[in-house]
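The number in my numbering is simply the position in the sequence shown, starting from 1, with 33 added.
Encoded as structure tokens, the structure appears first; notes follow it.
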Amino acid sequence: MVDFEFISPTKLFFGREKEKDIGLIIKSYGFKKVLFHYGSVSIKRSGLYDKIVKSLKDNSIEFVELNGVRVNPTHSLVRAGVFLARKEKVEMVLAVGGGSVIDSAKSIAAGFYYDGDPFDFNLHIAKPKKVLPVGVVLTIAAAGSELSASCVISNDETKIKSGFNDDLNRPLFAVCNPELTYTVSKYQTGCGIVDIISHSFERYFSPSPNKELADEFALGVIRHVVEVGKTAIEKPCDYQSRASLMLASSFSHNGITGLGKKVNMPVHKLAHGLSAFDHNIAHGAALSVLMPAWMSYVKDAEIDKFAAFGREVFKIHFVNKEESANMGIRELRNFFKEIGMPLTLTELGINKEDIPLLVSMITEKGTRVVGHSVRPLDAQDIEALLLSCL
């Protein structure tokens, strides 16, 4: 186990109708003016927008709105948000939505006190020293950004999608009502399920010479999400399954499933390349294609770990470790298929002719290796892996 520091300062307000208290919660922190940040029409169609506005007004909280966040949030909207937040002298950013809205809010908050380009943080050429507080009303169980230190933004000019981690990114509070996810489509619910699994998946497969407690946390999250995921798809108004997914979303990506390990996320780096190539590709959809393919490509480098995954998540008990590993990969792929997720790049609209450009984007024209101590992936590896996904 490596030495580490861990903090999870976000206060979680979890349960039915908690969003109605948003104005009171903000008021309790002493804030009087906020940037109300959200996507587009969905929160208005669901009635959530009206609830938020009423609660803010009832508690004398001034607000200025910035909408238009899309899947794979953009740097251009972040810059507009920083300008608006400074102009209006807001005291915090209120993100109402899912991971894209929250990450956009985090980037605005980090850019507020920074003289340079907020994307500098994502390029790892600067670190934030002070940020605006961010509050969250969560509407989808997926990215886990409501408790995480990460912030992923797409630069719509350079076509680079990149994330950065900093504890200053962690929201001040998060309001989580599972009922708000009842209207999420089956496809988006499936994307969310894959995303939740992926965060603990990447931490579990980050190597360690010893059996770590964090691995037990990670496997427990994955196993539970597999158990409740199909219920949430089939019975969208089942509170227990929706609540389980929402809580798993938060704790799969707040760091606890990787404590004491040097975490690397190679599948996420590959998925970011797909989303940068086509911003319409949902992150969860990219991951459902890439996760089983990555497992198949690298499993021989640490067969014990992959065999244990099949055993602990899918109850596979073969004497032969390779058989257990292969069956675990097959079962994960089958689960993704059962919840309606794509398994091939072709389903995402990516063809063989697109592979060279994708490899170039992911490796920054061959200058970058997607590192992982199980097995680093160079341009040749990435090309072979992507071709296996067609």
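All C-beta atoms, glycine included, are put in the ideal place defined by N, C-alpha and C.
- When DSSP states are grouped into helix, strand and coil, S241 belongs to the coil group.
- When only Cα atoms are considered, H70 and D333 end up about 45 angstroms apart.
- At a Cβ-Cβ threshold of 8 angstroms, V258 and I289 do not count as neighbours.
- C-alpha of A304 to C-alpha of G63: approximately 40 angstroms in a straight line.
- DSSP places F37 outside both helix and strand once states are collapsed to three, so it counts as coil.
- Of all C-beta pairs linking the region 347-360 to the region 385-394, fewer than three are shorter than 8 angstroms, placing the two stretches out of contact.
- For M298, there is no enclosing alpha helix (DSSP H), since its DSSP letter is neither H nor E.
- The residues G293, K294, K295, in chain order, have a CB closer than 7 angstroms to that of V35 in the same chain once the five nearest residues on each side in sequence are set aside.
- Annotation: L410 to I85 spans about 46 angstroms, alpha carbon to alpha carbon.
- Pairing R256 with V227, the inter-Cα distance amounts to about 12 angstroms.
- In the DSSP annotation of this structure, the continuous segment of the beta strand (DSSP E) that includes G168 starts and ends at 167-171.
- When DSSP assignments are scanned along the region 201-272, the uninterrupted stretches of beta strand (DSSP E) that are 3 or more residues long and fall wholly within it turn out to be 206-209.
- Where Y71 is concerned, the enclosing beta strand (DSSP E) starts and stops at 66-71.
- Apart from the 5 residues on each side of it in sequence, E50 sits with its Cβ closer than 7 angstroms to the Cβ of N210 in its chain, given in chain order.
- Straight-line measurement puts the Cα of D199 at about 28 angstroms from the Cα of G48.
- Nearest C-alpha to P325 among T377, N155, K338: T377.
- In this structure, K139 places its C-beta atom within 8 angstroms of the C-beta atom of V167.
- In the three-state reduction of the DSSP assignment, F369 falls in the helix class.
- Scanning its chain for C-beta atoms nearer than 7 angstroms, with the 5 sequence neighbours on each side dropped, one finds around E98 the residues F69, in chain order.
- Less than 8 angstroms divides the Cβ of A318 from the Cβ of L381.
- Taking a C-beta distance under 8 angstroms as the contact criterion, L423 and T379 qualify as a contact pair.
- If you draw a 10 Å sphere on the C-beta of V74, you find fewer than 16 other C-beta atoms in it, and that means exposed.
- Annotation for S274: V261, T264, A265 place their beta carbon closer than 6 angstroms to its own, counting only its chain and skipping 5 residues before and after.
- Contact check for M328 and I362: beta-carbon distance about 5 angstroms, within the 8 angstroms limit, so the pair qualifies.
- Membership of N155 in the alpha helix (DSSP H) is indicated by the continuous run 152-155.
- Rounded to the nearest whole angstrom, the CA to CA distance from V126 to V111 is 12 angstroms.
- Distance from the CA atom of P106 to the CA atom of N367, rounded to whole angstroms, is 30 angstroms.
- By the CB criterion at 8 angstroms, P151 and L201 fall outside the cutoff.
- Taken through DSSP and simplified to helix, strand or coil, F197 comes out as strand.
- When the beta-carbon positions are compared, H301 and V104 stay at least 8 angstroms from each other.
- Rounded to the nearest whole angstrom, the C-alpha separation of F234 and L252 is 8 angstroms.
- In chain order, F238 place their CB closer than 7 angstroms to the CB of K338, counting only its own chain and leaving out the 5 sequence neighbours on each side.
- With contact defined as three or more Cβ pairs closer than 8 angstroms, the region 268-285 and the region 145-159 are not in contact.
- Assigned with DSSP and collapsed to three states, E124 falls in coil, not helix or strand.
- Contact check for H286 against G131 fails: the beta carbons are separated by 8 angstroms or more.
- For S283 and T214, the gap between their C-alpha atoms comes out near 14 angstroms.
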